[in-house]
Amino acid sequence: MAGITKDMTIGEILQANPKVAPVLMAAGMHCLGCPSAQGETLEEAAMVHGMDIDDLMKQIDAL
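With positions in the sequence shown counted from 1, the corresponding number in the numbering used here is that position plus 4.
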């Protein structure tokens with residue numbers, strides 16, 4: 005998906021495209037509204053959750 009990068013915060017991504025939320029939820033990121041989601045980049049969140057950021061970006065890009 006154009007415009008979404010791994011350096012954006014979860015909050016920024018959800019503001020840019022709310023359709024990304026189900027992808028993140030399915031990946032195990034269930035705290036999309038918590039304070040850390042507002043300051044944590046997608047790459048940081050993927051690392052914390054033990055996910056491969058490139059795989060996650062492919063899923064987001066496929067939207």
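Virtual Cβ for every residue (Gly too), placed ideally from N, Cα, C.
Check: Nearest neighbour of Gln-42, chosen from Gly-54, Met-61, Ile-17, Val-24 [CA to CA]; Outcome: Ile-17
Check: Close-in-space but distant-in-sequence residues of the same chain around Leu-68 (CB under 8 Å, 5 per side omitted); Outcome: What the structure shows of the chain is the stretch from 5 to 67, and residue 68 is not part of that stretch, so it cannot be assessed.
Check: Supposed contact pair Ala-20 and Leu-60 - C-beta distance, whole angstroms, cut 8 Å; Outcome: No, Leu-60 and Ala-20 are not in contact; Cβ-Cβ is about 15 Å, not under 8 Å.
Check: Lys-23 beta carbon less than 8 Å from that of Leu-67; Outcome: yes
Check: Inter-residue spacing [alpha-carbon to alpha-carbon] between His-53 and Met-33; Outcome: 7 Å
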